[in-house]
Amino acid sequence: MRSVPTLSGALLRTALMAGLALFTLFPLLVVAGTSLKTMGEVFQSPATLVPRAFVWHNYVDIFVRIPMARHLLNSLFIALAAVFFNLIVATPAAYAMARIKFRGRGLFGMSILVVQMFSPVIVLIPLFEMMKALQLLDTYTALILVNTAITLPFSIWMLRGFFKNIPEELEDAAMIDGLSRTGMIFRIALPLTAPGLTTTAIFTFVSAWNEFIFALVLVSKRTMQPITMALYAWEKNNVVEWNYLMATAVVATVPTILLFLLVRKRLTDGLMSGAVKA
Numbered sequence: 043m044r045s046v047p048t049l050s051g052a053l054l055r056t057a058l059m060a061g062l063a064l065f066t067l068f069p070l071l072v073v074a075g076t077s078l079k080t081m082g083e084v085f086q087s088p089a090t091l092v093p094r095a096f097v098w099h100n101y102v103d104i105f106v107r108i109p110m111a112r113h114l115l116n117s118l119f120i121a122l123a124a125v126f127f128n129l130i131v132a133t134p135a136a137y138a139m140a141r142i143k144f145r146g147r148g149l150f151g152m153s154i155l156v157v158q159m160f161s162p163v164i165v166l167i168p169l170f171e172m173m174k175a176l177q178l179l180d181t182y183t184a185l186i187l188v189n190t191a192i193t194l195p196f197s198i199w200m201l202r203g204f205f206k207n208i209p210e211e212l213e214d215a216a217m218i219d220g221l222s223r224t225g226m227i228f229r230i231a232l233p234l235t236a237p238g239l240t241t242t243a244i245f246t247f248v249s250a251w252n253e254f255i256f257a258l259v260l261v262s263k264r265t266m267q268p269i270t271m272a273l274y275a276w277e278k279n280n281v282v283e284w285n286y287l288m289a290t291a292v293v294a295t296v297p298t299i300l301l302f303l304l305v306r307k308r309l310t311d312g313l314m315s316g317a318v319k320a
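Under our numbering, the sequence shown has 307 at position 265, and the numbering climbs by one with no breaks.
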């Protein structure tokens with residue numbers, strides 16, 4: 043039987059965690075509630091969290107009034123392409139940092155950490171001028187390149203930790219058995235770093251899915267804009283249709299939530315094991 047101090051401590055911890063969970067979920071509840079209201083109810087006073095009548099038709103309207111399906115497909119294509127190119131570049135770079143001794147390796151690693159200290163927005167104007175000179179404005183290529191570049195430093199540093207966790211003796215034995223460096227990477231290193239690759243892919247996907255500022259600057263064609271730009275559709279003449287905007291936000295959030303629910307265990311394992319030697 044638990045003592046009184048132990049029981050009271052457990053109750054206090056439970057209450058604190060419940061309060062923290064409520065504090066975290068409250069904005070999401072506001073968004074979900076507003077998405078099911080009429081415009082009149084959105085501005086009524088006093089405001090209510092739960093709608094008087096659930097207007098589910100708001101979700102139908104956003105697909106009718108703007109090309110929501112196209113926005114979702116654009117985001118999916120951009121995010122998946124960014125994941126592909128990110129892993130193609132980050133994997134060999136991270137392996138080289140972890141295993142290959144070359145001049146400037148320490149400086150290269152330090153530069154990656156320094157780059158992560160700054161917001162990507164600082165290169166927004168020169169990046170716009172570069173894309174304009176290359177005639178890449180209003181193209182998927184521009185957004186794919188940008189999303190790949192801004193997630194690359196984290197990806198390299200994360201994967202470096204996973205490659206360092208692989209015993210060097212295992213690689214030495216594989217090379218003695220006749221495997222080349224490339225063969226050893228594909229047949230030994232990559233399978234052992236699967237949790238790290240998954241974690242990196244998820245991070246890149248979510249980052250590309252949620253990216254807004256570069257999409258706003260680099261893409262003006264409605265048919266090529268990602269889902270984050272769909273939120274702009276509900277502001278006209280300084281009037282915001284908040285119920286439709288919140289419904290759009292809910293639809294934009296659902297894919298990332300489902301992704302986390304599907305891979306939450308692998309993601310947690312990947313973050314924990316990658317932090318050991320990162």
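Glycine included, each C-beta is placed from N, C-alpha and C at the ideal position. Note that this is a predicted model, so its numbers are computed, not measured.
Report, in whole angstroms, the separation of the C-beta atoms of H113 and I255, which I expect to be a contact under 8 Å. Their Cβ separation, rounded to whole angstroms, is 17 Å, which puts H113 and I255 out of contact at 8 Å.
With which residues is K278 paired in a DSSP beta bridge? V281
Where Q378 falls: helix, strand or coil (DSSP): Any answer about residue 378 is impossible in this case: the structure gives the chain only from 43 up to 320.
Using only the alpha-carbon positions, how far apart do A123 and A89 sit? 42 Å
At the level of alpha carbons, what is the spacing between L58 and F127? 42 Å
Nearest by alpha-carbon distance to N285: which of A138, Q86 and L67 is it? Q86
How would you call I54, buried or exposed, if buried means at least 16 neighbouring beta carbons within 10 angstroms? In the sequence as presented, Ile is not what sits at residue 54; that position holds Leu. It is exposed - the Cβ of L54 has fewer than 16 other Cβ atoms within 10 Å.
Kindly indicate which three-state DSSP category K263 falls into: helix, strand or coil? coil
Per DSSP, what kind of secondary structure is G146 in: helix, strand or coil? coil
Give the straight-line distance between the Cα atoms of G51 and T181, rounded to the nearest whole angstrom. 57 Å
Just the Cα atoms here: how many angstroms apart are F247 and V296? 14 Å
Are the stretch 204-211 and the stretch 235-245 touching, with three or more C-beta to C-beta distances below 8 Å? yes
Measuring CB atoms only, is the stretch 179-196 touching the stretch 138-150, in the sense that at least three cross pairs come out at less than 8 Å? no
According to DSSP, simplified to helix, strand and coil, what is S77? coil
Just checking my contact of H120 with P162 at CB under 8 Å: how many whole Å lie between their CB atoms? According to the sequence displayed, residue 120 carries Ile and not His. Their Cβ separation, rounded to whole angstroms, is 16 Å, which puts I120 and P162 out of contact at 8 Å.
I'd like the list of long-range same chain contacts for V92, defined as Cβ closer than 7 Å, with 5 residues on each side in sequence excluded. G75
By DSSP, does R141 sit in helix, in strand, or in coil? helix
May I ask which residues mark the beginning and end of the alpha helix (DSSP H) holding R223? R223 to M226
Which residue's Cα is closest to the Cα of K79: K307, L304 and A289? A289
Under a three-way DSSP split, which group does E171 fall into? helix
Measuring alpha carbon to alpha carbon, tell me which residue in M139, L166 and N100 is nearest P195. M139
Run through DSSP, which three-state label would P109 get? coil
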